[in-house]
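Trainee: For any residue, its number in the working numbering is found by taking its place in the sequence shown, counting from 1, and adding 10. Positions of the beta carbon are idealized from the N, C-alpha and C atoms, including for glycine.
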Amino acid sequence: MKAMGIVLLLNKFSARLAKRAELLAAALVIGIVFMLVLPMPVWLLDMLIALSLCASGLIVIVAMYMPGPTAFSTFPAVLLLTTLFRLAISVSTTRLILLEGDAGHIVETFGNFVVGGNLVVGLVIFLILTVVQFIVITKGSERVSEVSARFSLDAMPGKQMSIDSDLRAGILTAEEAKSKRAKLGQESQLHGAMDGAMKFVKGDAIAGLCIVAINLIGGISIGIIQRNLDAGEAMRVYSILSIGDALIAQIPALLISLGAGIITTRVSNDDHEEAGETNIGRDIVGELFAEPKALLTASAIMLLFALIPGMPSLVFVALALGLCTAGVIGMLKPLADAELQRESDELERKNAGIVDLTNFSATTPFILRMPEGMRNTPEAEIIRSAVRVMRNGMLERRGIPDLKPIEFEFHSAIPLGRVHFMMAEVPLVDSEVMIGWGATRETLERVTELGFQGVENNIAGSRRRRVWLRLEEEERLAEAGIPFQRWEHVFAADIEVEMLRNCQMFVGVNEVIRFTRWAERRYPELGKEVIKSVTLPRLTEVVQRLTREGVSLRNARLLLETTLDWAPKERDPDVIADYVRLAFKRQLCFEASRDGLIEVILLSPELEDQLRNAMRQTSQGSYLDIDSELEQMILDRLNELSTNVSTPITPPVLVTAADIRRSVRKLIEEEFFPVPVFAFSELTQHAKVKPVGMIEM
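1. Between residue 708 and residue 684, which are expected to be in contact by the criterion C-beta below 8 Å, what is the C-beta distance as a whole number of angstroms?
2. Pick from 84, 512, 479, 247: whose alpha carbon is nearest that of residue 496?
3. Can you give me the C-alpha to C-alpha distance between residue 699 and residue 595, rounded to a whole angstrom?
4. For the candidate residues 383, 213, 107, whose alpha-carbon lies nearest to that of residue 145?
5. For residue 330, I'd like the list of residues in its chain whose CB is within less than 6 Å of its CB, leaving aside the five on either flank, ordered along the chain.
6. Kindly confirm or deny that the region 49-56 and the region 100-118 touch, where touching means at least three C-beta pairs closer than 8 Å.
7. Please classify residue 559: does DSSP put it in a helix, a strand, or coil?
8. Is there a Cβ from chain C that is less than 8 Å from the Cβ of residue 133?
9. For residue 653, which residues of its own chain have a beta-carbon under 6 Å away from its beta-carbon, when the five flanking residues on both sides are left out?
10. If I follow the unbroken beta strand (DSSP E) through residue 627, where does it start and stop?
11. DSSP three-state call for residue 656: helix, strand or coil?
12. Are the Cβ atoms of residue 369 and residue 433 separated by less than 8 Å?
13. For the alpha helix (DSSP H) that contains residue 579, what are its first and last residues?
14. I think residue 608 touches residue 648, with their Cβ atoms under 8 Å apart; what is that distance to the nearest whole Å?
15. Using DSSP with H/G/I as helix, E/B as strand and the rest coil, what is residue 183?
16. For the 8 Å Cβ check, are there 3 or more pairs between the region 526-546 and the region 489-505?
17. Note down the Cα distance separating residue 695 from residue 555, rounded to an integer number of angstroms.
18. By Cβ distance below 8 Å, which residues in the same chain neighbour residue 693 in space, the five residues on each side in sequence not counted?
19. Which whole-angstrom value describes the C-beta separation of residue 225 and residue 252, a residue pair presumed to lie in contact below a C-beta threshold of 8 Å?
20. Quick one: what does DSSP say residue 700 is sitting in, helix, strand or coil?
21. Confirm, please, whether the CB-CB distance from residue 417 to residue 462 is below 8 Å.
22. Give the DSSP-derived three-state secondary structure of residue 541 in the structure shown.
23. In the DSSP assignment, what are the bridge partners of residue 442?
24. DSSP on residue 132, reduced to helix/strand/coil?
25. If we ignore side chains and look at the alpha-carbon of each, how far apart do residue 192 and residue 166 end up?
26. Taking residue 682 as the reference, which of 566, 469, 538 has the closest Cα?
27. Between residue 286 and the rest of its own chain, which residues show a CB-CB distance below 8 Å, the 5 nearest in sequence each way excluded?
28. Going straight from the alpha carbon of residue 7 to that of residue 561, what length do you get?
29. Among the residues of its own chain, which have a CB less than 7 Å from the CB of residue 98, if the five just before and after it don't count?
30. Excluding the 5 residues preceding and the 5 following residue 93 in the sequence, name in chain order all residues of the same chain whose CB lies nearer than 6 Å to its CB.
31. At the level of alpha carbons, what is the spacing between residue 304 and residue 65?
32. Kindly confirm or deny that the region 261-278 and the region 59-75 touch, where touching means at least three C-beta pairs closer than 8 Å.
33. For residue 297 and residue 339, what's the separation of their Cα atoms in angstroms?
34. Is it buried or exposed for residue 190, if we count other Cβ within 10 angstroms and need 16 for buried?
35. My parser needs the alpha helix (DSSP H) runs of 4 or more residues fully inside the region 594-639; what are they?
36. What did DSSP end up calling residue 118 once you bin it into helix, strand or coil?
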């Protein structure tokens, strides 16, 4: 209990001390000033010298452990204070040496231990330490600081722009961007301060040389002239004290120079630095032992040295064994890591049901799933090719912006002989694989009369039926005049229909932004005007309505000009889309024709009047309020007439009055989505029209 009380008391004291840390710093500076002018007692000077050694050692250790340069941003100020502190100690020791011939136990011990009774040896050792500090460490650190400061300032605008770009792109939050800017400013200030602070270290080394010369010359002169010592005794006493004083100044200076060199030459990984997972020792060991082949080569070289006559073989053999062991461990480590990863993955699979997920993956836009048994089969390649051609055609013909590729998967859950198309991982088309079959719009009775074996089935989601014929009799089918379309192309067309039906899932705000940027690069002024005048949600709705009805967006100039003309006058995206269709009527007629001829189905005037009277307007748009019998009659008659076209590929066009066109389209699109609905005004003057029938009351 007493120990716990002492710990709590110390914690409270340290907390209060931390709050008043500025007072300690001020007291230190004032104390240094007093040391320069007031004589110090010997016992206090010993304490201050020990404090200098302790502080310099602490600074080196902190520099070794810090994750990056900015982790010790106060180092330039610390460098200034410690340099001034050492100079104050040197002044105090010089005063005591010259006045009393005594500078305390630490100075005398350093002098006796290093000099060993020989002045020349002491001076040589002192000069070596000074040269190492001044020429090697300080000079290199000074140059590194200069280059780092210049490069840091040069790179700052680019780093600022990178942070701003990441913020605009949503990669960084506002708080993260603010933190990175603050860190960037701190880093720039640190490099600039270090460039100047290294001059302190350089000046300290020069001052040390001057002080030892002053102590020697002045001390020997005072000893001979004032204290009546003979020359040998004066040289012995004052050389020990002068060398000791120089060493207790140069050793802390050397340690702090080493710390400064470590900080200025530190190259750290930003991610590891932010996580606090790195320090200079770990980085050096990790990088030195990262390449096992280098360790084994160095081991072989050490063995060669051991074989040279006269060399201490035991030392080199021990080094060779150490390097060889490290190299072998390094070579085995990837295998061990792989085994651990395998065990970890196995454990994760076993515990998959209880692992807490921290993230989710977005849905895949388009997936075509085939049974596992179709992997690496010609049938799978035929399907893949047909679907890929369809998707590329949608992108090329319709100009759908940023249309994602269709991904192909083989899944054990898909029954053999079936194939599924999924949009946003939701099944939309489920078909039987019928490679080698073709579809025709001829009736089963007609096909049978001509002597062919046919199979009839329903089109998914529709009352329409398809007749399938074996393509083994392809030449006979052509001779009999029976048009057909291969199953893989029919399947791809069904996928295209479902993609257009659900186009809002892949034509949204993001895609329309890309579309407008694409158009702006080609028509800069038009693109800027559209972005300024038409809101993005309205433009998105217009593009979605056009895409849903299969209108190509490739003529971006005409689309944007028409939208720009009518957007200020009309708020309803449906109406704006109708005006765009009217501007595109030449393109619509061309795409609906085969061999220059458009096969059309008409509505009788009486039916048009009844539909017009049945139109109702709501906030969600217009709809037809008709009874189910009339709706059934229209759909049945449309189904009957749509089989009277010349090819199985091009559906007939249903032509109505302009004011009911959209309502008629909504009426039939659930079952007859591929059948385009035109207004009479959307037929060009030169369009060649062939009526195939009329829907009447």
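Mentor: On the basis of the data shown:
1. No answer is possible for residue 708: the residues shown for the chain start at 11 and end at 707.
2. Ranking the options by Cα distance to residue 496, first place goes to 479.
3. 14 Å
4. 213
5. Close CB contacts of residue 330 within its chain, under the 6 Å cut and outside five residues either way in sequence, are with 309, 312, 313 (chain order).
6. As far as the Cβ criterion goes, the region 49-56 touches the region 100-118, which means the pair count is three or higher.
7. coil
8. Among the chains of the structure shown, chain C does not appear; only one protein chain is present.
9. 451
10. Where residue 627 is concerned, the enclosing beta strand (DSSP E) stretches over 625-628.
11. Any reading at residue 656 needs caution, since the residue's pLDDT is 49, under 50, leaving its predicted position unreliable; the model's value is listed next. Note: residue 656 maps to coil in three-state DSSP.
12. If you check the CB distance, residue 369 and residue 433 do not come in under 8 Å.
13. Counting along the chain, residue 579 falls outside any alpha helix (DSSP H), and DSSP gives it neither H nor E.
14. In fact, because the Cβ distance is near 16 Å, the residues do not count as touching under 8 Å.
15. coil
16. no
17. 25 Å
18. Excluding residues up to 5 positions away in sequence, 595, 599, 608, 665, 699 lie with their Cβ nearer than 8 Å to the Cβ of residue 693 in the same chain.
19. About 4 Å separates the CB atoms of residue 225 and residue 252; that is less than 8 Å, so the two are in contact.
20. strand
21. no
22. DSSP, read as helix, strand or coil, puts residue 541 in helix.
23. 428
24. helix
25. 12 Å
26. 469
27. Because the pLDDT of residue 286 is 49, which lies under 50, any placement of that residue in the model is unreliable, and the number read from its coordinates should be weighed accordingly. Excluding sequence neighbours, residue 286 sits near 77.
28. Any property of residue 7 remains undetermined from this structure, which presents the chain solely from 11 to 707.
29. 42, 45, 46
30. Close CB contacts of residue 93 within its chain, under the 6 Å cut and outside five residues either way in sequence, are with 210, 214 (chain order).
31. 38 Å
32. yes
33. 15 Å
34. buried
35. 595-602, 615-623
36. It is helical.
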